[in-house]
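Notes follow once the structure below has been shown.
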Amino acid sequence: MIQEISKLTFQLDPRIKFLLILIIGFMMFYFTEIGYMIFILGLFIFLSIFEGVFNESFKYFLIFSILLIVDLSSAYITNIWFNIALSTLLYVVERLFVFGIIGFYIFKTTKLSKFISALESLKIPKYIILPFSVMFRFLPTILEEYAYLRDSMKIRGINFSAKMIIKKPLDYMEYIIVPILIRSFKISDELSAYAMLRGLDSEKQKTKLFDLKFAVFDYLIISGVSIFTFIFYIGVF
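In this text, residue positions in the sequence shown follow my numbering: the first is 29, and each later residue adds one.
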């Protein structure tokens with residue numbers, strides 16, 4: 029059923045995605061109600077289905093759902109100090125996890141060139157667009173480097189499980205963290221040079237490869253998010 033729905037893909041306008049980041053990023057720290065977090069989870073499940081990335085996002089939605097269930101269950105904990113500590117921890121972890129879900133969703137559903145075109149159409153300054161473009165390429169590249177390092181360690185008979193990382197943190201730093209840090213400096217330089225080579229820092233008018241237009245789906249999504257946010261703001265839920 030999910031695979032059938034995923035074939036009916038819609039591409040949300042990058043400007044709407046950028047607006048969602050601002051609205052949700054601000055409001056989820058403003059609202060303390062668990063209901064708004066459930067709404068965010070439902071929203072991104074819906075978007076991931078209709079943009080064809082639900083299967084790749086499922087594990088993150090499952091983890092976030094477990095966090096929300098634990099949060100709801102914490103109300104039944106009688107030990108007040110443990111309740112406060114757990115609630116505070118979940119408050120921070122849930123919201124950081126939302127940023128992770130948003131980032132994963134944007135990386136999987138948005139082309140860099142299209143996202144840059146959207147930022148330029150919003151008259152975002154070049155000194156903001158350039159770091160965005162580098163970051164957009166940097167995170168997937170560094171994750172690939174991490175996977176390559178893990179594979180090379182397995183070939184040498186070194187397998188870092190969670191248990192091994194806890195038992196031998198210095199070995200983990202030597203074999204994984206240090207090489208990643210060294211590679212990250214070189215990758216960031218290469219990506220910055222690549223971005224400048226494409227003329228992203230140029231003030232001259234560029235030919236746009238994408239004709240960005242808001243569709244009905246874009247209006248429905250941003251209207252729905254705005255309405256639900258306003259409902260939570262006035263305290264209906």
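Each residue gets a CB set at the ideal place from its N, CA and C atoms; glycine is no exception.
Here the structure is a predicted model, which means the values were calculated and not measured.
Subject >> Three CB pairs or more closer than 8 Å across the stretch 49 to 68 and the stretch 110 to 129 >> reply: Two segments are said to touch when three or more pairs of C-beta atoms, one from each, lie closer than 8 Å; by this definition the stretch 49 to 68 touches the stretch 110 to 129.
Original post:
In or out: residue 32 buried (at least 16 other Cβ within 10 Å) or exposed?
Top reply: On the sequence shown, position 4 is the one that residue 32 refers to. Annotation note: pLDDT 39 at residue 32 (below 50); position unreliable, coordinate value reported separately. By the 10 Å Cβ count, residue 32 comes out exposed.
Subject >> Per-residue burial, residue 133 [other beta carbons within 10 Å of its own, 16 or more giving buried] >> reply: Counted from its first residue, the sequence shown places residue 133 at position 105. Its Cβ being crowded by 16 or more others within 10 Å, residue 133 is buried.
**OP:** Along the alpha helix (DSSP H) that carries residue 167, what are the first and last residues, could you check?
**Re:** Within the sequence shown, residue 167 is the residue found at index 139, counting from 1. Segment 154 to 183, the alpha helix (DSSP H) holding residue 167.
Original post:
How should residue 143 be labelled, buried or exposed, when 16 other C-beta atoms within 10 angstroms of its C-beta is the threshold for buried?
Top reply: Here residue 143 is taken as the residue at index 115 of the sequence shown, counted from 1. With 16 or more other Cβ atoms within 10 Å, it is buried.
Original post:
Excluding sequence positions up to five away, which residues of its chain have a Cβ less than 8 Å from the Cβ of residue 203?
Top reply: Translated into positions along the sequence shown, residue 203 becomes position 175. 177, 181, 186, 188, listed in sequence order.
Subject >> As assigned by DSSP and simplified to three states, the class of residue 143 >> reply: In the sequence shown, residue 143 corresponds to position 115, counting from 1. Helix at residue 143.
**OP:** Measure the Cβ-Cβ separation of residue 210 and residue 169 and say whether it is below 7 Å.
**Re:** Taking the sequence shown and counting its residues from 1, one reaches residue 210 at position 182. Taking the sequence shown and counting its residues from 1, one reaches residue 169 at position 141. No, the Cβ-Cβ distance between residue 210 and residue 169 is not below 7 Å.
**OP:** Could you name the residues of the same chain whose beta carbon sits closer than 8 Å to that of residue 95, not counting the 5 residues immediately before and after it, in chain order?
**Re:** To locate residue 95, count along the sequence shown from 1; it is residue 67. 118, 121, 122, 125.
Original post:
What runs of the alpha helix (DSSP H), each 4 residues or longer, lie entirely inside the stretch 52 to 102?
Top reply: 62 to 78, 82 to 101
Original post:
So, is residue 217 buried or exposed, given that buried needs 16 or more other C-beta atoms within 10 angstroms?
Top reply: As a working note, residue 217 is residue 189 in the sequence shown. Result: exposed.
**OP:** Taking all protein chains shown into account, decide if residue 251 is buried (16 or more other Cβ within 10 angstroms of its Cβ) or exposed.
**Re:** Sequence index remark: in the sequence shown, residue 251 carries index 223 (1-based). Residue 251 is exposed by the Cβ-count criterion.
Subject >> Distance CB(residue 219)-CB(residue 166) smaller than 7 Å >> reply: Here the question's residue 219 lines up with position 191 in the sequence shown. Here the question's residue 166 lines up with position 138 in the sequence shown. In contact: residue 219 and residue 166 (Cβ atoms closer than 7 Å).
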